[in-house]
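Comments concern the structure below.
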Amino acid sequence: MLLSPIVWLLITYFAGGEYELDTYHTEGRFILRLYLDQQIEDEKFWKQLSDECGTDSCRHPGCNHLSLKRSSLCKAHHFEMVIGHPYGGAKT
Ligand SMILES: [Zn+2]
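Residue numbering for the sequence shown follows our numbering, beginning at 2 and increasing consecutively.
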């Protein structure tokens, strides 16, 4: 599981020991970089998806959004199916 950068930085802060702090600090920055890169990639993919203008409802149980033009799922559920996690950015 990928820890959130804030949790990771708190672990770094309380880890103690100069060597460990350096190690955790480097790993924390690396994980923060991965996290930010993932957000950029997520946003790129989100913006490429068309609007929900299909004629059918999303097939995800309990969802009442319209499907995308070339999908049986709405934008959020199509994103989650392809990328593997929910979209966390602004849904504009
Ligand atoms: Zn849906």
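Beta carbons are placed, not taken as given, at the ideal position from N, Cα and C, and that holds for glycine.
In this text, all values refer to a predicted model and were calculated from it rather than measured experimentally.
Rounded separation between residue i and residue j - CA only
i, j, result
"residue 69", "residue 27", "41 Å"
"residue 31", "residue 61", "35 Å"
"residue 83", "residue 36", "18 Å"
"residue 43", "residue 50", "11 Å"
"residue 39", "residue 87", "12 Å"
"residue 71", "residue 54", "10 Å"
"residue 76", "residue 47", "8 Å"
"residue 59", "residue 8", "35 Å"
Start-to-end residues for the alpha helix (DSSP H) that takes in residue i
i, result
"residue 76", "76-84"
Status (buried if at least 16 other CB within 10 Å, exposed otherwise) for residue i
i, result
"residue 90", "exposed"
"residue 74", "buried"
"residue 85", "exposed"
"residue 63", "exposed"
Coil, strand or helix - residue i by DSSP
i, result
"residue 67", "strand"
Chain D within 8 Å of residue i, Cβ atoms only
i, result
"residue 81", "Among the chains in the structure shown there is no chain D, since it carries only a single protein chain."
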